[in-house]
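S.K.: Would you mind keeping the following structure in view while I ask a few things?
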Amino acid sequence: MKFIERMPNLITFLNVLFGFAAVASLIRHAQGYGGGPVQAAWFIVVAAVLDAMDGKLARALGRQSRFGMELDALSDAISFGLAPSALLYTMHFSGWAHRGPIWALLGFLVASMPLIFGTFRLARFNAEVGMEDKKSKYFAGLPIPAAAGLIASYVLFCNDILERVWTPGLLPLTLLASLLMVSRVSFEGMPYFSLRQGGRNLTRLTLFVLVMVSILFLQSMALFPAAMIYLVMSLVKHLRQQSEEEHQNEREWGDNAR
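Just so we're aligned, residue 929 is where the sequence shown starts under the numbering used here, counting upward by one.
Here it is in structure tokens:
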């Protein structure tokens, strides 16, 4: 029974283990012992799946705790902060050093953005979790596993389509993922695995299942398109909500001015 109760934390440890495996794979590749960016990207994807599992399992078992939350944040900083930054640096941005010392520094700083911005995102979430609705279906800012998944899935998608990574896309993708993490744009969380949560949750659950089935059959070919659709839909919804709020404020201001 105690083993089952500890399962969420054990899954979190597996998450961080795969995060380290991603970094180790990049080091082995640099030393000429196999591994490489594609393997590291898959390790990050596996870590993201484990991260989704540990929270769901903890809630199902009623084992949510402050310790588990802090452990999850520390693990995420490695698997979805350090690992993607190491992936970006070894794969592309370290090459900027050939242009001179200033470019070398710029490459280092750009590659470090997922780690720095992601760590900030985790600290902000932990600081605000007591003030926010714990049952909220939305996240303020792109969750760090989603940002890491976006970068990793891009590497896998390019490898399948082009048999290499299209490096010009890495800079805008890194900036986009990093800035969205520290933004206040609302991103939908995982749907509840229940048919009793209403029609909206049922729609989200259906879409989630369809995406998972697509990934099961198409694997890395479906990961990046699914991540981009999630991103675009969230941004469009946020802009629409902002526009509606502005119109509402204008109407209220006009009513008060009469």
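Where is the CB? At the ideal position from N, CA and C, for every residue including glycine.
Got a sec, what are the start and stop residues for the alpha helix (DSSP H) Tyr1066 sits in?
M.R.: Taken as a continuous stretch (DSSP letters only), Tyr1066 belongs to no alpha helix (DSSP H), being part of the beta strand (DSSP E) at Tyr1066 to Ala1068.
S.K.: Which full runs of the alpha helix (DSSP H) of 4+ residues lie inside the segment 937-994, going along the chain?
M.R.: Qualifying alpha helix (DSSP H) stretches, in chain order: 965-989.
S.K.: For Ala1001, collect the residues of the same chain with a Cβ closer than 6 Å to its Cβ; drop the 5 residues on either side in sequence, then sort them by chain order.
M.R.: Excluding positions up to five away in sequence, the list reads Leu1050 and Asn1054.
S.K.: Is Glu1172 helix, strand or coil by DSSP?
M.R.: Glu1172 falls in the helix class under three-state DSSP.
S.K.: Which one of Tyr1158, Ala969 and Ile1157 has the shortest CA to CA distance from Ser1007?
M.R.: Ranking the options by Cα distance to Ser1007, first place goes to Ala969.
S.K.: Could you please give the first and the last residue of the uninterrupted alpha helix (DSSP H) stretch that includes Glu1056?
M.R.: That run of the alpha helix (DSSP H) goes Met1041 to Glu1056.
S.K.: Reducing DSSP to helix, strand and coil, say where Glu1116 ends up.
M.R.: Strand, per DSSP.
S.K.: Determine the direct distance from the alpha carbon of Thr940 to that of Met997, and round the result to whole angstroms.
M.R.: If you take the alpha carbons of Met997 and Thr940, they lie about 10 Å apart.
S.K.: Using only CA atoms, which one of Leu985, Gly962, Leu1037 and Gly947 lies nearest to Ala975?
M.R.: With distances taken between Cα atoms, Ala975 lies closest to Gly947.
S.K.: Candidates Ala1014, Gln1169 and Val1113: which alpha carbon is nearest Thr1102's?
M.R.: The shortest C-alpha separation from Thr1102 is found at Ala1014.
S.K.: For Pro1153, verify whether its CB is less than 7 Å away from any heavy atom of the ligand SAM.
M.R.: Of the ligands one can find in the structure shown there are none, so the ligand SAM has no counterpart to examine.
S.K.: Note down, in chain order, each residue of its chain lying with its Cβ closer than 7 Å to the Cβ of Leu1034, except the 5 sequence neighbours on either side.
M.R.: If we look at Leu1034 and ignore the five residues flanking it on each side, its Cβ neighbours are Trp1024.
S.K.: Under three-state DSSP, which class holds Lys1062?
M.R.: In this prediction, Lys1062 has a pLDDT of 45, which is less than 50 and means its spatial position is unreliable; what the coordinates show is noted afterwards. Coil at Lys1062, not helix or strand.
S.K.: Using the Cβ count rule (16 or more neighbours within 10 Å means buried), how would you classify Met1109?
M.R.: Flag for Met1109 reads buried.
S.K.: Assuming Ala1105 and Leu1084 make a contact with CB atoms under 8 Å, what is their CB distance in whole Å?
M.R.: With 8 Å as the limit, Ala1105 and Leu1084 do not qualify as a contact, their Cβ atoms being about 15 Å apart.
S.K.: For the putative contact between Ala1039 and Leu1016, defined by C-beta atoms under 8 Å, what is the C-beta separation to the nearest angstrom?
M.R.: Contact flag correct, Cβ pair sits at about 4 Å.
S.K.: Determine the burial state of Tyr1066: buried for a count of at least 16 other Cβ atoms within 10 Å of its Cβ, exposed for fewer.
M.R.: When all chains shown are included, Tyr1066 counts as exposed.
S.K.: Please state whether DSSP places Glu998 in a helix, a strand or coil.
M.R.: Helix, per DSSP.
S.K.: Please report how far the alpha carbon of Val1164 lies from the alpha carbon of Gln1170, in whole angstroms.
M.R.: Looking at the two C-alpha atoms, the distance is approximately 10 Å.
S.K.: By Cβ distance below 7 Å, which residues in the same chain neighbour Leu1043 in space, the five residues on each side in sequence not counted?
M.R.: Only Gly1009, Leu1010 and Ser1013 meet the Cβ criterion.
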